[in-house]
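Asks:
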Amino acid sequence: MRVMSIGEPIRILKTSGELHPVEFAWRGRRHYVRTIAGYRSDVERRGSKVRERKRYKLITADGLRCSVSFDLDRRIWRMESLTGRKGRRA
């Protein structure tokens, strides 16, 4: 399976109560999250600065498999990687 690294901003349209993405827009298309296949929180320390990111592996209603992240300090969501749709390559 080929993974494509992206790093593009996405717009979250709806979240659950804990900031988990439920619906997002990317490249002009709306995507509905069917499953959160994985989740982790990363903390990066550089000197006195601490940056926390939440990372999600998602499967959308139309089968898109991707990883997105949320930078808590900057309040920015990004499409980190794309593994394609079930049965198709990215």
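Numbering (the numbering used here), first residue to last: 97 to 186.
Beta carbons are placed, not taken as given, at the ideal position from N, Cα and C, and that holds for glycine.
As the structure is a prediction and not an experimental result, all values here were calculated from the model.
1. State buried or exposed for residue 183, treating a residue as buried only when at least 16 other CB atoms are found within 10 Å of its CB.
2. Just list the beta strand (DSSP E) runs in the segment 100-142, keeping only unbroken ones of 3 residues or longer that don't cross its boundaries, in chain order.
3. Kindly list the residues whose CB is nearer than 7 angstroms to the CB of residue 102, restricted to its own chain and excluding five residues on each side of it in sequence; keep chain order.
4. In three-state terms, what does DSSP make of residue 144?
5. With distances taken from CA atoms, which of 151, 180, 171, 109 is nearest residue 128?
6. Hey, residue 121 and residue 132: beta-carbon distance below 8 angstroms or not?
7. Grab the span of the beta strand (DSSP E) containing residue 168 for me, first residue to last.
Replies: Checking against the coordinates, here is how it stands:
1. The residue you call residue 183 lines up with position 87 of the sequence shown. With a pLDDT of 49 at residue 183, under the threshold of 50, the modelled position of this residue cannot be trusted, and the question is left open.
2. 100-105, 107-111, 117-122, 125-142
3. Position 6 of the sequence shown, counted from the start, is the residue given in the question as residue 102. Correct list, in chain order: 175, 176, 177, 178.
4. As a working note, residue 144 is residue 48 in the sequence shown. In this structure, residue 144 counts as coil in the three-state DSSP scheme.
5. As a working mapping, residue 128 is identified with position 32 in the sequence shown. The shortest Cα separation from residue 128 among 151, 180, 171, 109 belongs to 109.
6. Residue 121 sits at position 25 when you count from the first residue of the sequence shown. Residue 132 sits at position 36 when you count from the first residue of the sequence shown. It is not a contact, given that the beta carbons lie outside the stated cut-off.
7. The residue labelled residue 168 in the question sits at position 72 within the sequence shown. That residue, residue 168, is in no beta strand (DSSP E); it is neither H nor E in DSSP.
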